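Since the structure comes first, as C-alpha cells, the remarks are kept for the end.
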Amino acid sequence: MKSNQFSGFHKLTWQQRAAEVQEFSGLTDEEIARITQPGALSNDVADRVIENVIGTYQLPMGVAMNFVINGKEYLIPMVIEEASVVAAASNAAKMARGGGGFHTGYTGNIMISQVQCIGVKNPYFARQKILHHKQEILDIANSRDPILVSITGGAKDLEVRVVESEIGPMVVTHLLVDTGDAMGANAVNTMAEAVASKIEEITGGTVKLRILSNLADHRLASATATWRKEDIGGEEVVDGIIAAYAFAAADPYRAATSNKGVMNGIDPVVIATGNDWRGMEAGVHSYCSRGGRYTSLTRWEKDANGDLTGTIEIPTPVGLVGGGTKVLPGAQMGVKILGVTSAAELAQVIAAVGLAQNFAALRALATDGIQKGHMKLHARNLATVAGATAEQLDVVVAKMIADKMVSVDHAKEILAGM
Ligand code: MEV
Numbered sequence: 063m064k065s066n067q068f069s070g071f072h073k074l075t076w077q078q079r080a081a082e083v084q085e086f087s088g089l090t091d092e093e094i095a096r097i098t099q100p101g102a103l104s105n106d107v108a109d110r111v112i113e114n115v116i117g118t119y120q121l122p123m124g125v126a127m128n129f130v131i132n133g134k135e136y137l138i139p140m141v142i143e144e145a146s147v148v149a150a151a152s153n154a155a156k157m158a159r160g161g162g163g164f165h166t167g168y169t170g171n172i173m174i175s176q177v178q179c180i181g182v183k184n185p186y187f188a189r190q191k192i193l194h195h196k197q198e199i200l201d202i203a204n205s206r207d208p209i210l211v212s213i214t215g216g217a218k219d220l221e222v223r224v225v226e227s228e229i230g231p232m233v234v235t236h237l238l239v240d241t242g243d244a245m246g247a248n249a250v251n252t253m254a255e256a257v258a259s260k261i262e263e264i265t266g267g268t269v270k271l272r273i274l275s276n277l278a279d280h281r282l283a284s285a286t287a288t289w290r291k292e293d294i295g296g297e298e299v300v301d302g303i304i305a306a307y308a309f310a311a312a313d314p315y316r317a318a319t320s321n322k323g324v325m326n327g328i329d330p331v332v333i334a335t336g337n338d339w340r341g342m343e344a345g346v347h348s349y350c351s352r353g354g355r356y357t358s359l360t361r362w363e364k365d366a367n368g369d370l371t372g373t374i375e376i377p378t379p380v381g382l383v384g385g386g387t388k389v390l391p392g393a394q395m396g397v398k399i400l401g402v403t404s405a406a407e408l409a410q411v412i413a414a415v416g417l418a419q420n421f422a423a424l425r426a427l428a429t430d431g432i433q434k435g436h437m438k439l440h441a442r443n444l445a446t447v448a449g450a451t452a453e454q455l456d457v458v459v460a461k462m463i464a465d466k467m468v469s470v471d472h473a474k475e476i477l478a479g480m
C-alpha cells in the first residue's frame, strides 16, 4: 500500500489489512506481530505497569484511512470497542481531501504545575512578591531536572493567581514547564514540590497541593479543514451541519453528546499511542467550559463559496516519551504506524481526528440519522456470527437491511436459502 487511500480496505481479511499496514508503515514481521499476536502484552510486562495485576485485557485496534494533515498522508491507529467510529473517521478524511485535508497548529509543549498556598493574609501583595522572585523560583525548579533543562529549557515562566475559595483566598502559582516530547507529569510534579518552601518563605503562607493541571491551556493543538459542499451532499448538508453545531454551542445537553463524538476520534488515538486518556478527557472538557458554560469543542461555519469549514482547539497533554508509550508493545506499534516523531505532531494529529469524527457524526445526524450506518455494521457483525463467509457477507447484510430484520436468526435463514 503506497497511499493511505485504499479502495476496499475494509473488505480484506484482518491478516491482509495488517500486511498492508506493515508495508505502509515499514514495520518488521516481529513488530507487526506485537499487535496481531494475542498476548503481545505479557503478564510479566503488565505486572510492572500497574499494581495487583491478574492478567491483561484486549481491545480492537483499527486504522483510519485517507487522512492528509499538513500535506502528509497518515494511517491513524485507533483502539476502540465501538463499531462505525473508524469507518466514519476514514470517510470524513476522504471527503476532506478535496478541500486540501487538515491544517493544524500547536502552541508548544508547555505543561502547568500548580502550587496552592493558603493562609496568606495579603494575597495580592504575596502574588506580586512571588512574581518578583520569578527567576529564583524557576532556578530552584530547574535544579531538579538538569536533563530536561538541557533539552527544552525546563521551567520557563510563572503565572500567579489569587483564587477565591470556600476557605478564603488562595495564592496559586503556576510553573510553566516545557516538557518536550514527554507528557511530563513526573517532571512538573517534582518541580512543584521543589519550589514549595521558597513560596512559603516569600508569602508567609502554607503550601498544600503541588500537582500538574490537566487544563493544559499552554499546550493547545488546533486543526482546521474545509469540506467542499459538492463532496458532502450539497449546501443543504452544510446548513444541516451548522444547525447541528449551533445546537451544541447553545445547549450543554447536546454539547456533551457532540463532544462525546469528538472524543470518539481522540481517545482511540490517545490509547493507541499509550497516552493517558483520562488526562486528555479532563483537559478537553475543562477547556470547553472555560467561558463559564459547557459548550462545543468545535466550530462550524460556511465560507464565501458555501463550503463547510470546521475548527477545533484543545489542550493536548500527551507525549511520546515515558509512560505507556514506551512500555506497551501495542502503543509502540501505534506510534510507528502513525509515523509521528514528536509530541507536537501527535497532538496535532489528535486534533485533526477529533474534528473529522465530529464532522462525520454531525453529517450523519443532519442527513440519514446515525442508525443507518450503525445498522449496516451491526448487520455485518451479526452475519459473521451467523457463519457468513467473506463472499456471502455483502449479500446477507443487504438482504437483512432490505427486510428490516437485523438479527442472527434472520441471517441464518438467509444463509440457509443461499
Ligand atoms: C456516538 O458514539 C456519538 C454521537 O452521538 C455523536 C453526536 O451525537 O454528535 C453520534
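Counting with this note's numbering, you get residues 63 to 480 for the letters of the sequence shown. Heads up, the beta-carbon is just placed ideally off N, CA and C, and yes, glycines get one too. Since the structure is predicted, the reported quantities are computational estimates derived from the model, not experimental observations.
How many Å lie between tryptophan 289 and glycine 133 at the Cα?
-> Looking at the two C-alpha atoms, the distance is approximately 16 Å.
Using the C-alpha atoms, what's the distance from aspartate 279 back to isoleucine 374?
-> In a straight line, the C-alpha of isoleucine 374 is about 14 Å away from that of aspartate 279.
Where glycine 449 sits in the DSSP three-state scheme | In the structure shown, glycine 449 sits in coil (DSSP, three-state: anything other than H, G, I, E or B).
First through last residue of the beta strand (DSSP E) which encompasses phenylalanine 164 = Residues 164-168.
Using a threshold of 8 Å, is the CB atom of threonine 118 nearer than that to any non-hydrogen atom of the ligand MEV?
-> No - the ligand MEV has no heavy atom lying nearer than 8 Å to the Cβ of threonine 118.
Taking one C-beta from the segment 152-172 and one from the segment 119-128 each time, how about it: are there three or more such pairs within less than 8 Å?
-> Short answer: they touch.
Under the assumption that isoleucine 463 contacts methionine 437 (Cβ atoms under 8 Å), give the Cβ distance between them as a whole number of angstroms.
-> The pair is a contact, with the Cβ atoms about 6 Å apart (cut-off 8 Å).
Which residues DSSP lists as bridging proline 139, in chain order = Paired residues: Val125.
What are the residues that DSSP puts in a beta bridge with aspartate 219?
-> BP columns for aspartate 219 point to Leu238.
Compare the C-alpha of threonine 118 against each of Gly384, Leu390 and Asp240 and name the closest.
-> Looking at the Cα atoms, Leu390 is the closest of the given residues.
What do you reckon, is the C-beta of asparagine 31 under 8 Å from a heavy atom of the ligand MEV?
-> Lying outside 63 to 480, the shown extent of the chain, residue 31 is not represented and no answer is given.
Could you check what DSSP says for leucine 282 in three-state terms: helix, strand or coil?
-> In the structure shown, leucine 282 sits in a strand (DSSP, three-state: E or B).
So, are the CB atoms of tyrosine 307 and threonine 360 less than 9 Å apart?
-> Against a cut-off of 9 Å, the Cβ pair of threonine 360 and tyrosine 307 comes out as a contact.
How would you label glutamine 433, buried or exposed, when you count the other beta carbons within 10 angstroms and need 16 or more for buried?
-> Exposed.
If we count Cβ pairs, one from each stretch, closer than 8 Å, do we get three or more for the segment 182-198 versus the segment 408-425?
-> Fewer than three pairs of CB atoms, one per stretch, sit closer than 8 Å, so the segment 182-198 makes no contact with the segment 408-425.
In the DSSP assignment, find the beta strand (DSSP E) that holds glycine 117 and state where it starts and stops.
-> Here glycine 117 belongs to no beta strand (DSSP E), and DSSP marks it neither H nor E.
State yes or no: is the C-beta of threonine 387 within less than 9 Å of the C-beta of alanine 285?
-> Contact flag unset, no.
Alpha-carbon to alpha-carbon, glycine 327 and alanine 344 | Answer to the nearest angstrom: the Cα atoms are 16 Å apart.
So which of Arg223, Met232, Leu424 and Gly267 has the shortest CA-CA distance to alanine 317?
-> Nearest of Arg223, Met232, Leu424 and Gly267 to alanine 317, Cα basis: Leu424.
Backbone secondary structure at threonine 90 - three-state DSSP | Threonine 90: coil per DSSP, three-state reduction.
Under the rule that 16 or more other beta-carbon atoms within 10 Å means buried, what is alanine 305, buried or exposed?
-> With a threshold of 16 other beta carbon atoms within 10 Å, alanine 305 falls short and is exposed.
What residue does the beta strand (DSSP E) around isoleucine 261 start on, and which one ends it?
-> Careful: isoleucine 261 lies outside any beta strand (DSSP E), inside the alpha helix (DSSP H) at 247-265.
6 Å CB neighbourhood of valine 141 in its chain, flanking five on each side removed = The beta carbon of valine 141 is closer than 6 Å to those of Leu121, Met123, Pro330, Ile333 and Ala334 in its chain, skipping five residues each way along the sequence.
State whether the segment 237-246 contacts the segment 215-229, with contact taken as three or more CB pairs (one from each stretch) at a distance under 8 Å.
-> Three or more Cβ pairs drawn from the segment 237-246 and the segment 215-229 lie within less than 8 Å of each other, which places the two stretches in contact.
Length of the line joining the Cα atoms of alanine 445 and phenylalanine 71 = Going from the Cα of alanine 445 to the Cα of phenylalanine 71 covers about 19 Å.
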